[in-house]
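Reading through the structure tokens given below for one structure.
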Amino acid sequence: MKIAPSILSADFAALADDIARVEAGGADQLHVDVMDGRFVPNLTVGPVVVEAIRKRTRLPLDVHLMIVEPERYVGDFVSAGADLVTVHAEAGPHLQRSLAQIRDLGARAGVALNPATPPSVLQYVLDDLDLVLVMSVNPGFGGQKLIPSALGKIREVRTMLGARPAEVSVDGGVKVEHVSTLVAHGAGTLVAGSAIFGAPDPAAVIARMREAAGT
Ligand code: DX5
Ligand code: ZN
């Protein structure tokens, strides 16, 4: 089981310190939420910030693009140092093209599914992806409550992927109390923002998540 702290809930004025804290605490990768004010009703960061973070951590950077027309920016994010780029299935009509573009640039390719999006949209891109990000909240904000229908979706996606090495990740409202259930349903990566960075000791939360997962 991998833990990916989402920097959305970190202190952006002391980002390097917050990142160092979770890196020392055993995080597996860093989740960077990119929002454009169009696909989701919020704005966050772009490639400039990814590039700055790249210089301060050895952790893989998992960049979650909540933006329309992601193909226009994929190259910039990979050049900035993204190891994994995830696009939303709902963000455009050419999902396969975006995934191929990410892989051609040398990064790993992910697809995110909003809570209302059925896993069937993945049927013809199963061999084009390295990760499926099951959204357990409607994207746009940290600190929301996990929507329980994500559990069944995680299981369904895991079954669809079969023996492929692709990962299933879950994003939104993840807290220590959900970890064992999420893992039992097939989640291999847990993204958590407020549960980790909102706590006085983020490293302790990561340790408790690992213990809850039994890994
Ligand atoms: C939501 C983002 C999430 C968010 C998770 O739009 O995609 O990555 O940071 O934050 P929490 O864990 O607080 O729900
Ligand atoms: Zn995210």
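Quick note: my numbering has the sequence shown finishing at residue 206, numbered continuously throughout.
Just so you know, even glycine gets a beta-carbon here, dropped at the ideal spot from N, CA and C.
8 Å Cβ cutoff met for residue i and residue j
i: threonine 48; j: leucine 75; result: no
i: alanine -5; j: leucine 137; result: no
i: serine 171; j: valine 125; result: no
i: alanine 91; j: aspartate 119; result: yes
i: alanine 198; j: arginine 12; result: no
i: serine 127; j: glycine 163; result: yes
i: proline 38; j: aspartate 2; result: no
i: glycine 101; j: leucine 122; result: yes
i: alanine 71; j: glutamate 42; result: yes
i: proline 139; j: valine 31; result: no
i: arginine 29; j: valine 65; result: no
i: glycine 176; j: arginine 201; result: For the sequence presented, residue 176 should be read as histidine rather than glycine. The answer is no: Cβ separation not under 8 Å.
i: proline 106; j: valine 78; result: no
Counterpart residues of residue i in DSSP-defined beta bridges
i: alanine -5; result: Val182
i: glutamate 81; result: For glutamate 81, which the question treats as bridged, DSSP gives no partner whatsoever.
i: isoleucine 176; result: In the sequence as displayed, the identity of residue 176 is histidine instead of isoleucine. Histidine 176 pairs with nothing; no bridge assigned.
i: histidine 55; result: Asp24, Thr77
i: glutamate 168; result: According to DSSP, which records beta bridges pairwise, glutamate 168 is partnered with nothing at all.
i: methionine 126; result: Asp162
i: glycine 101; result: Thr77, Leu122
i: leucine 34; result: Asp27
Whole-angstrom C-beta distance between residue j and residue i, which should lie under 8 Å
i: arginine 155; j: leucine 117; result: 7 Å
i: alanine 190; j: valine 165; result: Actually they do not touch by this definition, with Cβ atoms about 13 Å apart.
i: phenylalanine 188; j: serine 0; result: 4 Å
i: valine 196; j: alanine 203; result: With a Cβ gap of about 10 Å, valine 196 and alanine 203 do not count as contacting.
i: glycine 179; j: glutamate 158; result: 5 Å
i: lysine -7; j: aspartate 9; result: So it is not a contact: roughly 19 Å between Cβ atoms.
| task | Flag this pair as touching only if the stretch 53 to 66 and the stretch 25 to 40 have three or more C-beta atom pairs under 8 Å; answer yes or no. | result | yes
| query | With distances taken from each beta carbon to the nearest heavy atom of the ligand ZN, which residues come in below 6 Å, in chain order? | reply | Ser(-3), His22, Asp24, His55, Asp162, Val182
| message | Does the structure place the stretch 80 to 97 close enough to the stretch 142 to 154 that three or more beta carbon pairs sit under 8 Å? | response | no
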